[in-house]
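The structure appears below as structure tokens.
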Amino acid sequence: SKRAFKNPLFNSELPFWLDTKNTLVQPHDEMPAQMAAQLESSLLNCPDSLDADSPYLYRKQLSLPHPTSIFFPNEPIRFVYTFETPGDHTSGDIYANTSLAKILTKFDLDTLFFIFYHYQGTYEQFLAARELSINRDWQFNKKDRCWYYKEIEKLPPGMNKSEEESWRYFDYKKSWLARRCNSDFVYNEADFEKL
Amino acid sequence: LGADLSSMLHSLGIPRDSKRQAVLATFQSPWAETSRSEVEPTFYIPA
Amino acid sequence: TETEKYFLVFTEWVKILQRVDVNDTVVLAFIQQMVDKGIISTSDSLIKFIKAALELSVLSFKQSDPTGEVFTAIDALGKLLVKLMVVQDFNEVSRADFTNMIFSVIMLIFSKDHSQNSSAFNERPYFRLLSNLFIEWSFARGRNFASITNKETRKELRNFDVEFYNIFASYLHSLQPFAFPAFCFAWVSLISHRMFLPVMLSLPKKAGWEKMLILIIDLFKFLDKYTKKDSVTDAVSVIYKGTLRIILGISNDFPEFLIENHYQLLNNLPCSYFQLKNVVLSAIPTKMCFPNPYNPTLQLSNLESCQECPSVFYDPINDLSTLKKPVDNYLRIPSNSLLRTILGSVFRSEYDVRNGVGFDFLSVDSKVVRAIVLHVGVEAGLENERTSSNAVFNPESSYYTLLYNMIHDGTAELKFQVIEVMVEQLRYPNIHTYWFNYVLLNMFTSKDFGDQIAEVQELILRCILERIIVNKPHPWGVSILTTQLLNQDEVNLLELEFIKTVPEIEKMLTLM
Numbered sequence: 001s002k003r004a005f006k007n008p009l010f011n012s013e014l015p016f017w018l019d020t021k022n023t024l025v026q027p028h029d030e031m032p033a034q035m036a037a038q039l040e041s042s043l044l045n046c047p048d049s050l051d052a053d054s055p056y057l058y059r060k061q062l063s064l065p066h067p068t069s070i071f072f073p074n075e076p077i078r079f080v081y082t083f084e085t086p087g088d089h090t091s092g093d094i095y096a097n098t099s100l101a102k103i104l105t106k107f108d109l110d111t112l113f114f115i116f117y118h119y120q121g122t123y124e125q126f127l128a129a130r131e132l133s134i135n136r137d138w139q140f141n142k143k144d145r146c147w148y149y150k151e152i153e154k155l156p157p158g159m160n161k162s163e164e165e166s167w168r169y170f171d172y173k174k175s176w177l178a179r180r181c182n183s184d185f186v187y188n189e190a191d192f193e194k195l
Numbered sequence: 001l002g003a004d005l006s007s008m009l010h011s012l013g014i015p016r017d018s019k020r021q022a023v024l025a026t027f028q029s030p031w032a033e034t035s036r037s038e039v040e041p042t043f044y045i046p047a
Numbered sequence: 001t002e003t004e005k006y007f008l009v010f011t012e013w014v015k016i017l018q019r020v021d022v023n024d025t026v027v028l029a030f031i032q033q034m035v036d037k038g039i040i041s042t043s044d045s046l047i048k049f050i051k052a053a054l055e056l057s058v059l060s061f062k063q064s065d066p067t068g069e070v071f072t073a074i075d076a077l078g079k080l081l082v083k084l085m086v087v088q089d090f091n092e093v094s095r096a097d098f099t100n101m102i103f104s105v106i107m108l109i110f111s112k113d114h115s116q117n118s119s120a121f122n123e124r125p126y127f128r129l130l131s132n133l134f135i136e137w138s139f140a141r142g143r144n145f146a147s148i149t150n151k152e153t154r155k156e157l158r159n160f161d162v163e164f165y166n167i168f169a170s171y172l173h174s175l176q177p178f179a180f181p182a183f184c185f186a187w188v189s190l191i192s193h194r195m196f197l198p199v200m201l202s203l204p205k206k207a208g209w210e211k212m213l214i215l216i217i218d219l220f221k222f223l224d225k226y227t228k229k230d231s232v233t234d235a236v237s238v239i240y241k242g243t244l245r246i247i248l249g250i251s252n253d254f255p256e257f258l259i260e261n262h263y264q265l266l267n268n269l270p271c272s273y274f275q276l277k278n279v280v281l282s283a284i285p286t287k288m289c290f291p292n293p294y295n296p297t298l299q300l301s302n303l304e305s306c307q308e309c310p311s312v313f314y315d316p317i318n319d320l321s322t323l324k325k326p327v328d329n330y331l332r333i334p335s336n337s338l339l340r341t342i343l344g345s346v347f348r349s350e351y352d353v354r355n356g357v358g359f360d361f362l363s364v365d366s367k368v369v370r371a372i373v374l375h376v377g378v379e380a381g382l383e384n385e386r387t388s389s390n391a392v393f394n395p396e397s398s399y400y401t402l403l404y405n406m407i408h409d410g411t412a413e414l415k416f417q418v419i420e421v422m423v424e425q426l427r428y429p430n431i432h433t434y435w436f437n438y439v440l441l442n443m444f445t446s447k448d449f450g451d452q453i454a455e456v457q458e459l460i461l462r463c464i465l466e467r468i469i470v471n472k473p474h475p476w477g478v479s480i481l482t483t484q485l486l487n488q489d490e491v492n493l494l495e496l497e498f499i500k501t502v503p504e505i506e507k508m509l510t511l512m
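Protein chains in written order, with our numbering: chain A, 1 to 195; chain B, 1 to 47; chain C, 1 to 512.
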């Protein structure tokens, strides 16, 4: 008698939905054959981690997986590192234990900067930024979009101060090199991203 | 009698020592057999 | 037809998302056009469009080459739905109503597909869609919706976030295996999804705990219904393994959730799942460390942590309805008439068929017994804080005498159930573990039981052994009591008649 059952938008599906309420209120004591078959088919179609992975319909040009031989698996390369690299539990964040984050700890700065500047908006860019800031102590400047690094130089004893700090930045526009900042560089915390 | 859970704990990424490392945020699937690849956890990229 | 028009529009949507990033302004322009052209401007047209898009997506999944990209259309639909939840300005319809409408349409299409093509039904496209809704919403909510530039919208979304998850959880409750068995494995994967379970357990002020508990209880009830003594189907045993792994993950990341909800979880856990029961009861508060339970010289009275009251998310008193008054009155001033009232109210109106170890049905309501025993423990813990320890660590106290009398005057089944629930309270170091340890130790050697003492001792040992002989983990409090019983010299366990009659138990105790 409910209006919804007269509504052409719903009346062809509602009875099926209502039907399921019976077994909710009064589950079968013994599993009927049909239900056992449905459970079986559910087990066979059980979604796996690839089904649960993040959907990417559009891949930026550069971040498309480079053409590999047809024998390579075409699933996203998210193989699982088996060995425990020591001290993993220090950072305590949820990424430390993932294979990709572990792989990035092995990359050199050049590669990390390449990923950061060329894989915009991707998880890989996020991990590269995380590796640069947490493990390599670089800081990202929101204004000029360069990564900066503070170098502390231990001075030999006898000088008026024990250490000298100097700054470097990675020049991704022209030389693709880490260069020394000129002497008038002043570190302004507000310009840097809190990652 | 249940089962020896050490392999299940290992497949979950729960370390033997007492240090807790969050596992649910990178939980691939309820079963080890269907957790054949890692899944992308939530992440945030500042503007 | 109108539906085919919707198919065309949706196909365009899918194509656009394969060419530009979902945050590109082209995408917003396309949505604007859909509104201007009346595709999604009224709820009726929106419903028809979503129905068409979902049917087309599921069809495209079924027709795609399984080794290729089978989810392209479904992924595009997920992005559209969340985009609409985020970017639209909700003045006539609220965001909650809009979300409910979307889920309702998905449910209706899903129910028809699940029922009509029963064995040919495939759960994967629906799993993928719901998983994507979690993921897309998770992207939108990153750093507290920092990516939403519009201030007003950002504020609305922050306020809507908890509601989004609770609405989603209520639809997952409708999708549970009793209702949709062909969606069972997808459902187990969804309730434990990396962008749902940990979020529900960490929403502010535990706002997701209640609904998350309902979903886990749905899972336990399904297992309980179809775990038969003699046979368990493959599917059910795989569901069990998945459940065990999920609870282990929760115990690792959010032990407090298991600690504060053990009462409700145990009310619905299958009786024979001892290892899963131990996993739930072995949860330890984050950062708590505690002494080795096998150290025979350990005194609980010396442990600071054994004075703390464990927090309980759902007060068992809520389940005591008519019994609340008699129990509380008895705790204040014990009386036989109150005791008779309590003893008379623990029985069920009809048998509860359970797959227990050593029994097939219960005539005593195990939930009522669990509620009474835990309530007594909670009150004893509070009394211990309010007045002093010897007010409750004393066989004359009303807390002790109520449990004692329920055992003394109760049937063998009631004896068993009261003792079993007391042993369930032996967990990590806290005042419940300490007090029930005291009560059980006392009862084990209490002369007051007279000729019932052998039965009481047998039941206590049985309730401990069934928790100790299974594979680890073993709750700290159970290990403590086992060590104490083995080391106490008032009763030589190996001399007990009922031990001698079961050689394998006798041998095991000798070993222990």
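All residues carry an ideal CB built from backbone N, CA and C; glycine is no exception.
Can you name the residues of chain A whose CB is closer than 7 Å to the CB of residue 7 of chain B? As a working mapping, residue 7 of chain B is identified with position 7 in the second sequence. Residues of chain A with a Cβ closer than 7 Å to the Cβ of residue 7 of chain B do not exist; the shortest Cβ-Cβ separation is about 13 Å.
Which of helix, strand or coil does DSSP assign to residue 308 of chain C? By one-based count along the third sequence, residue 308 of chain C stands at place 308. Coil at residue 308 of chain C, not helix or strand.
Are the CB atoms of residue 34 of chain B and residue 48 of chain A nearer to each other than 7 Å? As a position in the second sequence, residue 34 of chain B is number 34, starting the count at 1. As a position in the first sequence, residue 48 of chain A is number 48, starting the count at 1. Taking 7 Å as the Cβ cut-off, residue 34 of chain B and residue 48 of chain A qualify as a contacting pair.
Is there at least one Cβ from chain A nearer than 7 Å to residue 45 of chain B's Cβ? For the purposes of this step, residue 45 of chain B is identified with residue 45 of the second sequence, where counting begins at 1. Yes, residue 45 of chain B counts as interfacial toward chain A.
Counting only Cβ pairs nearer than 8 Å, list the residues of chain B close to residue 98 of chain A. Counting from 1 along the first sequence, the entry for residue 98 of chain A is found at position 98. What residue 98 of chain A touches in chain B: 26, 38 and 41.
Can you round the beta-carbon distance between residue 76 of chain C and residue 6 of chain C to whole angstroms, since I take them to be within the 8 Å contact cut? As a working note, residue 76 of chain C is residue 76 in the third sequence. As a working note, residue 6 of chain C is residue 6 in the third sequence. The pair is not a contact, with the Cβ atoms about 14 Å apart (cut-off 8 Å).
So does the region 260-270 of chain C actually touch the region 298-317 of chain C, counting three or more Cβ pairs closer than 8 Å? Between the region 260-270 of chain C and the region 298-317 of chain C there are three or more C-beta pairs closer than 8 Å, enough to call the two in contact.
So with CB distances below 9 Å, who are the chain B contacts of residue 125 of chain A? Looking up residue 125 of chain A in the first sequence gives position 125. Residues of chain B whose Cβ lies closer than 9 Å to the Cβ of residue 125 of chain A are, in chain order, 45.
Through-space distance from residue 119 of chain C to residue 36 of chain B, alpha-carbon basis: Residue numbering aside, residue 36 of chain B sits at position 36 when the second sequence is read from its first letter. Residue numbering aside, residue 119 of chain C sits at position 119 when the third sequence is read from its first letter. For residue 36 of chain B and residue 119 of chain C, the distance between alpha carbons rounds to 26 Å.
When the Cα atoms are used, what is the spatial distance from residue 90 of chain A to residue 112 of chain A? Counting from one through the first sequence, the residue named residue 90 of chain A turns up at place 90. Counting from one through the first sequence, the residue named residue 112 of chain A turns up at place 112. With a pLDDT of 48 at residue 90 of chain A, under the threshold of 50, the modelled position of that residue is not reliable, and the figure given next carries that caveat. Just so you know, the alpha carbons of residue 90 of chain A and residue 112 of chain A end up roughly 21 Å apart.
Around the C-beta of residue 187 of chain A, are 16 or more other C-beta atoms found within 10 angstroms, so that it is buried, or is it exposed? For the purposes of this step, residue 187 of chain A is taken as the residue at position 187 of the first sequence. By the neighbour-count rule (16 or more Cβ atoms within 10 Å), residue 187 of chain A is not buried but exposed.
Please report how far the alpha carbon of residue 182 of chain A lies from the alpha carbon of residue 162 of chain C, in whole angstroms. Here the question's residue 182 of chain A lines up with position 182 in the first sequence. Here the question's residue 162 of chain C lines up with position 162 in the third sequence. The straight-line gap from Cα to Cα measures roughly 50 Å.
Reducing DSSP to helix, strand and coil, say where residue 178 of chain A ends up. Looking up residue 178 of chain A in the first sequence gives position 178. DSSP places residue 178 of chain A in strand when its eight states are reduced to three.
Compare the C-alpha of residue 358 of chain C against each of C/68, C/157 and C/229 and name the closest. The residue given as residue 358 of chain C occupies position 358 in the third sequence. Minimum Cα distance to residue 358 of chain C is reached at C/229.
Closest residue to residue 101 of chain C among A/6, A/195 and A/10 (Cα-Cα distance): For the purposes of this step, residue 101 of chain C is identified with residue 101 of the third sequence, where counting begins at 1. Out of A/6, A/195 and A/10, A/10 has the C-alpha closest to the C-alpha of residue 101 of chain C.
C-alpha distance - residue 142 of chain C paired with residue 40 of chain B, whole-angstrom precision: Against the third sequence, residue 142 of chain C aligns to sequence position 142. Against the second sequence, residue 40 of chain B aligns to sequence position 40. Going from the Cα of residue 142 of chain C to the Cα of residue 40 of chain B covers about 14 Å.
Given that residue 19 of chain C touches chain A, what residues does it touch there, using C-beta distances under 8 Å? Along the third sequence, read from residue 1 onward, the residue named residue 19 of chain C stands at position 19. Within chain A, the residues 58 have their CB atoms less than 8 Å from the CB of residue 19 of chain C, given in chain order.
Among the residues of its own chain, which have a CB less than 7 Å from the CB of residue 179 of chain A, if the five just before and after it don't count? On the first sequence, position 179 is the one that residue 179 of chain A refers to. Counting only Cβ-Cβ distances below 7 Å, and skipping sequence neighbours, we find 168, 169 and 171.
Does the beta-carbon of residue 293 of chain C have 16 or more other beta-carbons within 10 angstroms, so that it is buried, or is it exposed? On the third sequence, position 293 is the one that residue 293 of chain C refers to. Classification for residue 293 of chain C: buried.
Status (buried if at least 16 other CB within 10 Å, exposed otherwise) for residue 4 of chain A: Within the first sequence, residue 4 of chain A is the residue found at index 4, counting from 1. Burial call: exposed.
Just to confirm my understanding: we take residue 108 of chain A, look at its own chain, exclude 5 residues before and 5 after, and list those with CB closer than 7 Å. What are they? Here residue 108 of chain A is taken as the residue at index 108 of the first sequence, counted from 1. Nothing listed; no residue qualifies.
Three Cβ pairs or more, each shorter than 8 Å: is that satisfied between the region 179-189 of chain C and the region 133-147 of chain C? Judged by Cβ distances under 8 Å, the region 179-189 of chain C makes no contact with the region 133-147 of chain C, as fewer than three pairs qualify.
Which residues in the same chain as residue 38 of chain A place their Cβ atom closer than 6 Å to its Cβ, once the five residues preceding and following it in sequence are excluded? Translated into the one-based positions of the first sequence, residue 38 of chain A becomes position 38. If we look at residue 38 of chain A and ignore the five residues flanking it on each side, it has no Cβ neighbours.
Opposite residue 353 of chain C in the DSSP bridges: which residues? Numbered from 1 along the third sequence, position 353 holds the residue referred to as residue 353 of chain C. C/361.
Starting from residue 274 of chain C, find everything on chain B with Cβ-Cβ shorter than 9 Å and list it in chain order. Start at 1 with the first residue of the third sequence, and residue 274 of chain C comes out as number 274. Neighbours of residue 274 of chain C on chain B, chain order: 1 and 2.
Below 8 Å, how does it come out for the region 108-124 of chain C and the region 183-197 of chain C: are there three or more Cβ pairs, yes or no? Touching, yes.
Taking only the alpha-carbon atoms, compute the straight-line gap between residue 25 of chain C and residue 47 of chain B and give it to the nearest angstrom. The sequence position of residue 25 of chain C within the third sequence is 25, counting from 1. The sequence position of residue 47 of chain B within the second sequence is 47, counting from 1. Their backbone Cα atoms lie some 16 Å apart in a straight line.
What distance in whole Å lies between the Cβ atoms of residue 288 of chain C and residue 428 of chain C, which are believed to be in contact at a cut-off of 8 Å? Along the third sequence, one-based indexing puts residue 428 of chain C at 428. Along the third sequence, one-based indexing puts residue 288 of chain C at 288. Taking the Cβ atoms as the reference, residue 428 of chain C lies roughly 6 Å from residue 288 of chain C, within the contact range of under 8 Å.
Output needed for residue 71 of chain C: all residues of its chain with C-beta closer than 6 Å, excluding positions within five of it in sequence on either side, in chain order. Residue 71 of chain C sits at position 71 when you count from the first residue of the third sequence. Sequence-distant Cβ neighbours of residue 71 of chain C in its own chain, meaning closer than 6 Å and more than five residues away, are 128.
Nearest-angstrom Cα distance between residue 342 of chain C and residue 425 of chain C? Against the third sequence, residue 342 of chain C aligns to sequence position 342. Against the third sequence, residue 425 of chain C aligns to sequence position 425. Straight-line spacing of the CA atoms in residue 342 of chain C and residue 425 of chain C works out to 21 Å.
Look up residue 40 of chain B in the DSSP assignment and say whether it is helix, strand or coil. On the second sequence, position 40 is the one that residue 40 of chain B refers to. Coil.
Could you name the residues of the region 123-157 of chain C whose beta carbon sits closer than 7 Å to any beta carbon of chain A, in the order they occur along the chain? Residues passing the 7 Å Cβ filter: 123, 124, 127, 128, 131, 132 and 135.
Measuring straight from C-alpha to C-alpha, what distance separates residue 379 of chain C and residue 311 of chain C? Reading the third sequence from its first residue, position 379 is the one you call residue 379 of chain C. Reading the third sequence from its first residue, position 311 is the one you call residue 311 of chain C. About 12 Å.
DSSP on residue 15 of chain C, reduced to helix/strand/coil? As a working mapping, residue 15 of chain C is identified with position 15 in the third sequence. DSSP, read as helix, strand or coil, puts residue 15 of chain C in helix.
For residue 295 of chain C, name the three-state secondary structure that DSSP assigns. The count along the third sequence starts at 1 and reaches residue 295 of chain C at position 295. In this structure, residue 295 of chain C counts as coil in the three-state DSSP scheme.
Compare the C-alpha of residue 190 of chain C against each of C/282, C/168 and C/454 and name the closest. Counting from one through the third sequence, the residue named residue 190 of chain C turns up at place 190. Taking only the C-alpha atoms, the option nearest residue 190 of chain C is C/168.
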